[in-house]
Structure formats: structure tokens, C-alpha cells
Amino acid sequence: VESAEEGLGPAFNGTSCAVCHNLPSVGGSGIVAEVRAARRMPDGQIQTIDATGETVIQLFSIPTHNCQPAIPADYNVVARRLPIPLFGAGLVEAIDDATLMNLEDPLDRNRDGVSGRVSEVIDQATGERRVGRFGWKAQQATLLTFGAEAYRTEMGITNDVFPTELGLGLSPSQMTLCDPIPEPEDIPDPRTRRRGIDNFASFMRFLSPVPRGPVDDTVRAGEVAFNAVGCAACHIPTLVTGPSSNPLFNRRPLALFSDLLLHDIGTGDGIRQGVAGPDEIRTPALWGLRFRRPLLHDGSAATIEDAIARHDREAALARQGVQTLSDSGRAALLAFLRSL
1 VESAEEGLGP
11 AFNGTSCAVC
21 HNLPSVGGSG
31 IVAEVRAARR
41 MPDGQIQTID
51 ATGETVIQLF
61 SIPTHNCQPA
71 IPADYNVVAR
81 RLPIPLFGAG
91 LVEAIDDATL
101 MNLEDPLDRN
111 RDGVSGRVSE
121 VIDQATGERR
131 VGRFGWKAQQ
141 ATLLTFGAEA
151 YRTEMGITND
161 VFPTELGLGL
171 SPSQMTLCDP
181 IPEPEDIPDP
191 RTRRRGIDNF
201 ASFMRFLSPV
211 PRGPVDDTVR
221 AGEVAFNAVG
231 CAACHIPTLV
241 TGPSSNPLFN
251 RRPLALFSDL
261 LLHDIGTGDG
271 IRQGVAGPDE
281 IRTPALWGLR
291 FRRPLLHDGS
301 AATIEDAIAR
311 HDREAALARQ
321 GVQTLSDSGR
331 AALLAFLRSL
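1 is the number of the first residue of the sequence shown in the working numbering; add one for each residue after it.
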């Protein structure tokens, strides 16, 4: 748990990672939603509060010096994002960029109605061009940068990777009053030489995937239906990690049920982030689905059935396929999804 003396704030969403990532246990999802805001202009362009392009409006602040960011009155896009579960994140990190690039089909050349694309990002820690995979907009490629961004954005702890405070709408003088700790605030431990973000990355990297639930004939029939109606076009059942010197990550299959690509299925949050447009969202992994409620990026779907009904655009054919299933077929599909 971080404190103001350690650099918390000036604005933040939680005092620890576990405040948000706690369902069904530490490292999972949660119900504390991040809030983002922007202004959509008449020509469709997205305008942000300042030139950084950042859109997060933190929920809390250090209770002195008027440190609370606020959504400008003329901002017409307000989005909520739930925490993404981190179980199995090390395996996701170990997937080769080339594997994901081979999955993309931005021009829909195979005419299946699905046109997912990779999120190409610059890794802030190395300067390398990578394929993003972490976050609702696939905005980070590694667990180090994913954790470093969250440390700065969600807790206000600056670090070597993200050294600039985030407090949209706050003046420099307010920033100084609210958070006098010099940047970066996450400094290496004098004994281990490890930063907090190094420890976060290691913790996430070795979180095990959620094991599969019981499988019976109904579940198996539901998996057949899942593939037949087209859900697997985006929610690819299995990906394989690349070569690694660590046997835990070396060419390991993972039942992720995601292609980790950006898609427009009609549930976008209106926020532009990196190369991801306002209508695009990264395909959520379905492993561990039985422990997650509510669903979709903003928690607007209370049940699996609600989430399926919201699928449109690239996912319209799959949704229609589900609607054509018999009652027993839909029941089997739901049984399969609840086994993940």
C-alpha cells in the first residue's frame, strides 16, 4: 500500500494494485472502474485535455491543495474500463510478435467479416517497435511497461519508464503542492537494485492461468457450437508461446481464447489510445471467464448472454449464429463458456 510520503498521487485510483485487481483473488479483475474522458469534435476527431493525449481522470486525490482532476463540462465522451485479469500474463507476454501479426487481417481478405489488426507500439523501456497485447487497447507489449504505466496512472507513482506525473487539468503549482516527492518516485531498492516496477512485472509474469472447470458432454457440445458460429474467429482457442530459455514459457500452448488483436464490434469506448481508434477494443481473453462479472470493458453486461447480445459489426455474424442455435445448443454454448 502506497502513501503520499512514498509518492502516491497527486491523483490516483487506488493505493495498491490489489485495490483494483482482486476478483476472485489478487491479480484478477475487479469492480473499480478507471474513468477516461475526451471531447469528440463534429468532424469525429478526439480531443484530449492536454497535448499528452492522456485521458484518465483519477477517482481520488491527496486531500489537500485542490488536487482532484475533474472532467471538463464540455467533454462528451466519458468511458469506464474495468481491470483486466492478469492470471497467465507471463504466457501472454511470451507470445511472439510474429504470431500475432500472422493473425491480423485488417482488410478482411478472407471475407469472413472479421478485420482484426495488431496494435503496434513503441516499448517505452527499450525504444523497440513491438506488438501490444496488454490493456483494453493493447497499448503495452510487456509486463514491465504495463506495470510501469499503471503505477504512474493508477497510483501516481512515477518511474524510469513513465517519469512524468499525470494529473489532467492540474497546474504545475498544484502538482508541486500536492506531490513534492522528486521524480521518479519509484527508485531502486539499495540492496536488490530492483525497482517496484521490476517486482510488479515478476509477480504478474508468474501468475498461473486459471485452470479449466469440469468438462462434460454438454460442455464439449458447446465448444463445437462456439467454433461453428464463428466466435473462434476472434476468440482463438489456443495460441503458442515462442522459444524461451525458461521452460515455463518455452513453446507452451495457452488456452487463451483471444487473438489479442484490435476489433470494432460495436462496444468501443470512444477513446483513442495509441494506434487503437475510438471504436476498437482488444479481444478479451476468455480463460477464467467463469470468475468474471460484470462483463465487457465497461462492465455494462451483467451476464454472458448480455455480452453476446452486444456483439455487432465485425462480430455480427457470430452473434447471429448464436441466435440461430436451438435452445439446447445455446444452453450447451453457455455451459462451455461457464467452464472457462
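From the three backbone atoms N, C-alpha and C, an ideal C-beta is built for every residue, glycine too.
Inclusion of A301 and H311 in the CB contact set at 8 Å is not warranted, their separation being larger than that value. When only Cα atoms are considered, D198 and R220 end up about 41 Å apart. Residue pairing from DSSP places P253 in a beta bridge opposite V240.
When C-alpha distances from R36 are compared across P278, S326 and T324, the shortest belongs to P278. L296 is positioned such that its CB atom lies no closer than 8 Å to that of A225. For E6, there is no enclosing beta strand (DSSP E), as DSSP marks it with neither H nor E. Taking a C-beta distance under 8 Å as the contact criterion, E314 and V161 do not qualify as a contact pair. Contact between G196 and Y151 holds, with the beta-carbon distance rounding to 7 Å and staying under 8 Å. For E128 and E104, the gap between their C-alpha atoms comes out near 20 Å. Cβ atoms of R292 and R338 stay farther apart than 8 Å, at about 11 Å.
Non-local beta-carbon contacts of D298 in its own chain, meaning distances under 6 Å to residues more than five positions away in sequence, involve R80 in chain order. Pairing S173 with G156, the inter-Cα distance amounts to about 16 Å.
Membership of S119 in the beta strand (DSSP E) is indicated by the continuous run S119 to I122. Inter-residue distance for E6 and L207 is about 26 Å (C-alpha atoms, whole angstroms).
Within the DSSP secondary-structure output, H263 pairs in a beta bridge with I281. With distances taken between CA atoms, G44 lies nearest to R272 out of R191, F146, R272 and V322.
In the DSSP assignment, R290 forms no beta bridge with any residue.
When C-alpha distances from L100 are compared across H235, V210, N159 and T192, the shortest belongs to H235. Taking the Cα of L254 as reference, the smallest distance to any Cα among S245, N246, L261 and L239 is reached at L239. Here I95 is buried, its C-beta having at least 16 other C-beta atoms within 10 Å. The beta strand (DSSP E) runs of length 3 or more contained entirely in the region 28-59 are, from start to end of the chain, 34-40. Per the C-alpha coordinates, the member of G167, I57, P63 and S61 positioned closest to Y75 is I57.
Sixteen is the threshold: when 16 or more other Cβ atoms of the shown chains lie within 10 Å of the Cβ of R133, as they do, the residue is buried. At a Cβ-Cβ threshold of 8 Å, A33 and T48 do not count as neighbours. Note on the region 87-153: whole alpha helix (DSSP H) runs with a minimum of 4 residues are 89-93 and 97-103, in chain order. In the three-state reduction of the DSSP assignment, S339 falls in the coil class, being assigned neither a helical nor a strand state.
Runs of the alpha helix (DSSP H) lying entirely within the region 160-212, each at least 4 residues long, are 172-178 and 196-205 in chain order.
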